[in-house]
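Student: Below: one structure in C-alpha cells.
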Amino acid sequence: MLRAEAPCGVILFARNIRDPAQLAELIAGLRRVLPPGAVLMVDQEGGRVARLRPPHWRAHPPAAALHSVRAAWLTGALIGLDCAAAGFDVVAAPVLDLAIPGASAAIGDRALAEEPVAVARLGRAFAAGLLAAGVQPVGKHAPGHGRARVDSHFQLPLVEANRLEADLLPFALNADLPWAMSAHIVYPAWDRALPATLSPTVIATIIRGRIGFDGVLVSDDLAMKALSGTPADLARQALAAGCDVACYCSGDFGPTADLLVRCPQLTDAARVRLNAARIMSARRRLPLDGAALAAERDRLAA
Numbered sequence: 011m012l013r014a015e016a017p018c019g020v021i022l023f024a025r026n027i028r029d030p031a032q033l034a035e036l037i038a039g040l041r042r043v044l045p046p047g048a049v050l051m052v053d054q055e056g057g058r059v060a061r062l063r064p065p066h067w068r069a070h071p072p073a074a075a076l077h078s079v080r081a082a083w084l085t086g087a088l089i090g091l092d093c094a095a096a097g098f099d100v101v102a103a104p105v106l107d108l109a110i111p112g113a114s115a116a117i118g119d120r121a122l123a124e125e126p127v128a129v130a131r132l133g134r135a136f137a138a139g140l141l142a143a144g145v146q147p148v149g150k151h152a153p154g155h156g157r158a159r160v161d162s163h164f165q166l167p168l169v170e171a172n173r174l175e176a177d178l179l180p181f182a183l184n185a186d187l188p189w190a191m192s193a194h195i196v197y198p199a200w201d202r203a204l205p206a207t208l209s210p211t212v213i214a215t216i217i218r219g220r221i222g223f224d225g226v227l228v229s230d231d232l233a234m235k236a237l238s239g240t241p242a243d244l245a246r247q248a249l250a251a252g253c254d255v256a257c258y259c260s261g262d263f264g265p266t267a268d269l270l271v272r273c274p275q276l277t278d279a280a281r282v283r284l285n286a287a288r289i290m291s292a293r294r295r296l297p298l299d300g301a302a303l304a305a306e307r308d309r310l311a312a
C-alpha cells in the first residue's frame with residue numbers, strides 16, 4: 011500500500027512499538043518503501059502521551075510539571091534524543107493550549123500553564139530542546155484547544171467565547187515553529203459551522219493570519235470522533251481548507267488505502283514548508299550528552 015500510494019510520511023503509535031530492536035526493524039522497512047524525505051512522526055509529549063516508554067526508553071514528566079524554562083528545554087532535548095535515536099524526525103509536541111480550569115481533561119496536565127505568556131515561553135524552550143536533538147517540533151492544537159469542554163477524540167467541541175486573544179498568544183509567540191497541528195473544534199466567533207481543521211476561514215484568517223504561522227500545518231487525527239465523514243473525504247476537506255498534511259491514525263487498512271488513493275498530492279507550498287522544516291532541524295541540532303541532561307533534570311526535580 012505504501013509503495014503504491016506513497017504518503018507524506020507515517021506516524022507510529024504504541025501499538026506499533028515493542029522494543030528498540032523491533033522498532034529499528036520496522037522503521038528501516040518503512041524507509042525502504044517510503045520516498046526520500048518522507049517524515050516519521052510520533053506523539054511523545056511526556057506524561058500520559060508517550061509512545062516510547064520504560065523500560066526501553068526514558069520516562070518524562072507531563073508538561074504541567076515543567077515549571078522553568080530550563081526544565082522545559084531539558085525535557086524537550088531528552089525526548090528529542092530518544093526519538094531521533096529511534097529514527098523519528100518529527101515529534102508532535104509541544105502542546106501550546108492553555109490550562110483552563112473546568113475544561114475537558116483531554117488537555118489537562120498536557121498544558122504547560124494557565125497564563126499565555128508562560129505557556130509561550132515554556133513551549134518555546136521545549137521546542138528548542140527538540141530542535142537541539144535534531145527533531146522537528148509540532149505546536150498544537152491551533153488555534154487553541156484549552157477551552158474545550160468535551161474531548162475531541164469523542165465529540166465535537168464548541169468554544170463559544172468571543173475573546174480568544176489569550177488562546178492565540180502562545181501560538182503567535184511561537185509562529186516560527188516548523189510545524190503546527192490544527193484543532194477539531196468549532197469557534198463560532200470565526201466560523202459557525204466548520205471546525206478549525208476543515209475551515210478555510212479559520213486557517214487563512216486566524217492560523218495563517220492573526221497567528222502568523224507559515225510552517226507545515228498538519229491536521230489532528232482525522233479518525234477522531236469530533237469529525238464525521240469518510241476518512242478520504244475528510245482528508246480532501248482538510249487539505250482544501252488549507253492544511254498542508256492530513257493525518258489519519260486509525261491503522262485500519264481499508265480506509266487508509268482509500269484515503270491514499272483519493273488524497274491530493276502535496277502542493278508546491280507544502281513541499282517548500284516541509285523542506286524548510288527539515289533545514290531548521292538540521293541547523294539547530296547540537297551535540298548533546300543525554301546522561302548529563304537527564305542528571306540535570308533530576309536535580310531540578312528534586
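For reference, each letter of the sequence shown is one residue, going 11 to 312 in the working numbering.
Built from N, CA and C at the ideal position, the CB exists for glycine as well.
Treat the numbers as computed from the prediction; the structure is a model and nothing was measured.
Looking only at its own chain, which residues have a Cβ that is under 6 Å from the Cβ of A96, when we skip the five neighbours before and after it?
Tutor: So the list reads L33, once near-sequence residues are dropped.
Student: Would you decide whether A14 is buried or exposed? Buried here means 16 or more other CB atoms lie within 10 Å of its CB.
Tutor: By the neighbour-count rule (16 or more Cβ atoms within 10 Å), A14 is not buried but exposed.
Student: What separation, rounded to the nearest whole angstrom, lies between the Cα atoms of A178 and D186?
Tutor: It should be noted that the sequence gives Leu, not Ala, for residue 178. Taking the straight line joining both Cα atoms gives about 14 Å.
Student: Please report the distance separating the alpha-carbon of G69 from that of G133.
Tutor: Per the sequence shown, residue 69 should be read as Ala rather than Gly. Rounded to whole angstroms, A69 to G133 spans 19 Å at the Cα level.
Student: Measure the Cβ-Cβ separation of K143 and G90 and say whether it is below 9 Å.
Tutor: The sequence given here has Ala at residue 143, not Lys. Yes, the Cβ-Cβ distance between A143 and G90 is below 9 Å.
Student: With burial defined as no fewer than 16 other Cβ atoms inside 10 Å of the residue's Cβ, what is the status of D231: buried or exposed?
Tutor: D231 comes out buried.
Student: Could you give the DSSP three-state label for E124: helix, strand or coil?
Tutor: In this structure, E124 counts as coil in the three-state DSSP scheme.
Student: Under the assumption that V148 contacts A190 (Cβ atoms under 8 Å), give the Cβ distance between them as a whole number of angstroms.
Tutor: At roughly 7 Å, the Cβ-Cβ gap stays under 8 Å, so V148 and A190 are in contact.
Student: Once DSSP output is grouped into helix, strand and coil, what is the label at V145?
Tutor: Three-state result, V145: coil.
Student: In or out: G86 buried (at least 16 other Cβ within 10 Å) or exposed?
Tutor: G86 comes out buried.
Student: Would you identify the three-state DSSP class for V129, choosing helix, strand or coil?
Tutor: Here V129 sits in helix by DSSP.
Student: Which residues in the same chain as S162 place their Cβ atom closer than 6 Å to its Cβ, once the five residues preceding and following it in sequence are excluded?
Tutor: These residues qualify, in order along the chain: H194, M234 and A236.
Student: Using DSSP bridges, identify the partner residues of L84.
Tutor: Answer is none; L84 lacks a bridge partner.
Student: Could you tell me how far apart the beta carbons of L108 and E124 are, in whole angstroms, since I believe they sit closer than 8 Å?
Tutor: About 6 Å; that satisfies the 8 Å criterion.
Student: Does the stretch 267 to 274 come close enough to the stretch 290 to 303 that 3 or more CB-CB pairs lie under 8 Å?
Tutor: No, the stretch 290 to 303 does not touch the stretch 267 to 274.
Student: So, under 8 Å CB-CB, K150 and L106 are touching, yes? Tell me the CB distance rounded to an integer number of Å.
Tutor: Confirmed, Cβ separation roughly 7 Å.
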